[in-house]
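Participant: For the sequence shown, this note's numbering begins at 718 and goes up steadily by one. Glycine is no exception: its CB is placed at the ideal position from the N, C-alpha and C atoms. Remember, predicted model here, so these are calculated numbers, not experimental data. Below are the structure tokens for one structure; questions will follow.
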Amino acid sequence: TQLAFGGDTNPNGPEVVLDGSLTGGYVSGIVLHGPQNVVRGLGIQNFTASGVYVYEPVATNNVIDRCFIGVTSNGTTAAKCGWDGVTVAQGAKNTWIGGATPAGNLISSNGRQIAIWDPGTDNTLVQSNSIGGNRMGTAALIDGGSGIGIINGPKNTKILANRISGNQGSGLEIWGPGTNGTIVRGN
């Protein structure tokens with residue numbers, strides 16, 4: 718790992734940053750279109766589409782944790798992705814965004830921080846993340862979207878123990894046909 722190789726050169730955030738500021742068109746930072754992938758400990762910033770895009774039924778059991786998405790690697794300045802920080806859509810299943818403490822992500826300043834879309838996009842867990850603020854939770858890093866959107870058909874989504882603040886839109890929006898079984902607790 719970078720930490721083992723070079724030491725902890727950034728005690729406030731990730732050592733490795735993917736920066737899309739020179740990409741053109743509609744580009745996501747990381748696209749997960751397969752099973753059992755782990756995206757951990759990265760800074761993902763300045764992409765024109767989503768920071769992380771997880772999609773279709775082949776994308777099962779994926780994990781995104783300890784990442785800074787839409788912010789600089791020190792967690793204090795906006796470096797937004799144009800659409801969502803994390804998008805889970807088109808039938809992806811069993812996606813974990815964060816997890817048990819301290820595995821949460823810092824996701825701020827994107828068009829929407831987290832979007833969970835479409836029928837068949839089931840059993841998504843969003844836990845222990847900081848959504849919409851800076852690393853310390855003392856200031857908002859906003860763009861104009863909501864914190865978390867669960868939209869048009871996902872089932873059995875769990876939103877647990879997140880800090881959701883500073884978003885210009887709704888902190889959490891749940892809507893659309895077939896969207897049911899959502900649990901929101903301890904945020």
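May I ask you to list the residues that DSSP assigns as paired with G828?
Facilitator: Paired residues: none, contrary to the question.
Participant: Quick check for students: name the residue ranges of the beta strand (DSSP E) that lie wholly in the stretch 759–811, counting only runs of 3 or more.
Facilitator: Taking only runs of at least 3 residues, the beta strand (DSSP E) segments lying wholly in the stretch 759–811 are 759–762, 769–772, 780–782, 801–806.
Participant: Can you tell me which of the three DSSP states V744 falls into?
Facilitator: Looking at V744 - three-state DSSP - the assignment turns out to be coil, as it is neither helix nor strand.
Participant: Could you compute how far the alpha carbon of T899 sits from the alpha carbon of I876?
Facilitator: Roughly 8 angstroms separates the two Cα atoms.
Participant: Please determine, among W800, G802, T896, the residue with the shortest C-alpha to C-alpha distance to K872.
Facilitator: Considering only alpha carbons, the answer is T896.
Participant: DSSP three-state call for E890: helix, strand or coil?
Facilitator: In the structure shown, E890 sits in a strand (DSSP, three-state: E or B).
Participant: Give me the Cα-Cα distance between E890 and V748, rounded to the nearest whole angstrom.
Facilitator: Between E890 and V748, the C-alpha separation is close to 24 angstroms.
Participant: Would you say G787 faces chain C, with C-beta separation under 7 angstroms as the test?
Facilitator: Of the protein chains in this structure there is only one, and it is not chain C.
Participant: Using a Cβ-Cβ cutoff of less than 8 angstroms, which residues in the same chain neighbour G854 once the five nearest sequence positions on both sides are dropped?
Facilitator: S847, R880, S882, listed in sequence order.
Participant: If the criterion is Cβ atoms closer than 7 angstroms, does the pair D801 and Q762 meet it?
Facilitator: Taking 7 angstroms as the Cβ cut-off, D801 and Q762 do not qualify as a contacting pair.
Participant: Check the C-beta distance from S767 over to V803 and give it rounded, since I have them as a contact under 8 angstroms.
Facilitator: Right, their Cβ atoms sit about 7 angstroms apart.
Participant: Can we say the stretch 789–796 touches the stretch 771–778, given the rule of at least three CB pairs closer than 8 angstroms?
Facilitator: They do not touch, by the three-pair rule.
Participant: So S825 packs on G787, CB below 8 angstroms; how close in whole Å?
Facilitator: With 8 angstroms as the limit, S825 and G787 qualify as a contact, their Cβ atoms being about 5 angstroms apart.
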